[in-house]
Amino acid sequence: RIGDYQQGRQLTRLAVMLTLHLFIRSSELRFARWNDIDFRHKIWTIPATREAIDKVRFSGRGAKMRTPHIVPLSRQAIAILKQIHEISGHLELVFPGDHNPYKPMSENTVNRALRLMGHDTKADVCGHGFRAMACSALVESELWSRDAVERQMSHQERNSVRAAYIHKAEHLDARKAMMQWWSDYLDS
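Add 86 to a position in the sequence shown, counting from 1, and you land on the number used in the numbering used here.
Right, here's the structure in full:
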């Protein structure tokens, strides 16, 4: 189990755990700022774009679809974020780099940690693979509409006619329940 792994940097272990619980994209994780996270309302709003970090490629990226993406936070995700806050809460970045706290952790950090845990990131599991795993489990559970799952994945509707009608739908109540279900599923 990933949660039982105790070697390496604590912030890296927590990044892996949070990625598993939230199944966000690696750039969304790496470039996260504390001001994106609302503990009171239990949501993380990934902005459409963000202020770039000097000499850090792609750091101006926000959500991939270039629209703000709301990520409901489960109890477990909040607990992980509180642990992370003890480490990096005094900084702007949630996941600062090892050598420079004003630059984000490396894009390879999560996958490298998974390899050190004994996982084959080419064939077994990788950080981005958490997204596919979560999406499959959520769809197969049949507890939520496909639209709600796709919204949580921050995917855009490819059918332009359908997109015109559903682009504003957030499915936030369903997604809050979905994210809690997913975290509980991981804990079981």
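In this text, a Cβ means the ideal position worked out from N, Cα and C, and glycines have one as well.
Which residue marks the beginning of the alpha helix (DSSP H) containing His171, and which one marks its end? Here residue 171 is taken as the residue at index 85 of the sequence shown, counted from 1. Per DSSP, His171 belongs to the alpha helix (DSSP H) from Arg161 to Ser174.
Pro190 classed as buried or exposed, judged by whether at least 16 other C-beta atoms fall within 10 angstroms: The residue you call residue 190 lines up with position 104 of the sequence shown. By the 10 Å Cβ count, Pro190 comes out buried.
Here's a check: name, in chain order, each residue in its chain whose Cβ is nearer than 6 angstroms to the Cβ of Arg147, leaving out the five neighbours to either side. The sequence position of residue 147 within the sequence shown is 61, counting from 1. Answer for Arg147: Ser113, listed in chain order.
Look at Val235 and Ala101 and say whether their C-beta atoms are less than 8 angstroms apart. Your numbering for residue 235 matches position 149 in the sequence shown. Your numbering for residue 101 matches position 15 in the sequence shown. No, the Cβ-Cβ distance between Val235 and Ala101 is not below 8 angstroms.
Three Cβ pairs or more, each shorter than 8 angstroms: is that satisfied between the region 102-112 and the region 162-179? yes
So, at 7 angstroms on beta carbons, what are the nonlocal neighbours of Ala220 in its own chain, with the 5 sequence-adjacent residues on each side left out? In the sequence shown, the residue the question calls residue 220 occupies position 134. Hits under 7 angstroms: Phe109 and Trp268.
Quick check: the Cα distance between Asp122 and Asn186, rounded to an integer number of angstroms? Here residue 122 refers to the residue found at position 36 of the sequence shown. Here residue 186 refers to the residue found at position 100 of the sequence shown. Rounded to the nearest angstrom, the two C-alpha atoms are 21 angstroms apart.
State buried or exposed for Gln96, treating a residue as buried only when at least 16 other CB atoms are found within 10 Å of its CB. As a working note, residue 96 is residue 10 in the sequence shown. The residue in question, Gln96, is exposed, as its Cβ has fewer than 16 Cβ neighbours within 10 Å.
Can you list, in chain order, the residues of its chain with a C-beta nearer than 7 angstroms to that of Ile129? Leave out the 5 residues immediately preceding and following it. Residue 129 sits at position 43 when you count from the first residue of the sequence shown. Closer than 7 angstroms at Cβ, skipping near neighbours: Ile156, Val157, Pro158 and Leu159.
Should Pro154 and Ala138 be called a contact, given that it needs their Cβ atoms to be closer than 8 angstroms? Against the sequence shown, residue 154 aligns to sequence position 68. Against the sequence shown, residue 138 aligns to sequence position 52. No, the pair does not count as a contact, with Cβ atoms beyond the cut-off.
Give the single residue among Met203, Leu272, Lys208 and Ala209 whose Cα lies nearest to the Cα of Leu224. On the sequence shown, position 138 is the one that residue 224 refers to. When only C-alpha atoms are compared, the closest one is Leu272.
Among His176, Leu179, Phe181 and Leu115, which residue has its Cα nearest to the Cα of Ala149? Working through the sequence shown from its first residue, we reach residue 149 at position 63. Checking every option, the nearest Cα to that of Ala149 belongs to Leu115.
Nearest to Tyr188 by CA position, among Asp140, Ser231, Asp210 and Leu202, is which residue? The residue labelled residue 188 in the question sits at position 102 within the sequence shown. Here the closest residue by C-alpha is Asp140.
What's the C-alpha gap between Ser174 and Pro182? Here the question's residue 174 lines up with position 88 in the sequence shown. Here the question's residue 182 lines up with position 96 in the sequence shown. Roughly 7 angstroms between the two C-alpha positions.
Considering only the alpha carbon of each residue, which of Asp270, Asp259 and Ser274 lies closest to His127? As a working mapping, residue 127 is identified with position 41 in the sequence shown. The option with the nearest alpha carbon to His127 is Asp259.
Kindly indicate which residue of Ser240, Met264, Arg198 and Gln266 has the alpha-carbon position closest to the one of Thr131. Stepping through the sequence shown from its first residue, residue 131 is reached at position 45. Considering only alpha carbons, the answer is Ser240.
Just reading off the alpha helix (DSSP H) that Trp268 is part of, what are its end residues? On the sequence shown, position 182 is the one that residue 268 refers to. Unbroken alpha helix (DSSP H) run through Trp268: Leu258 to Asp273.
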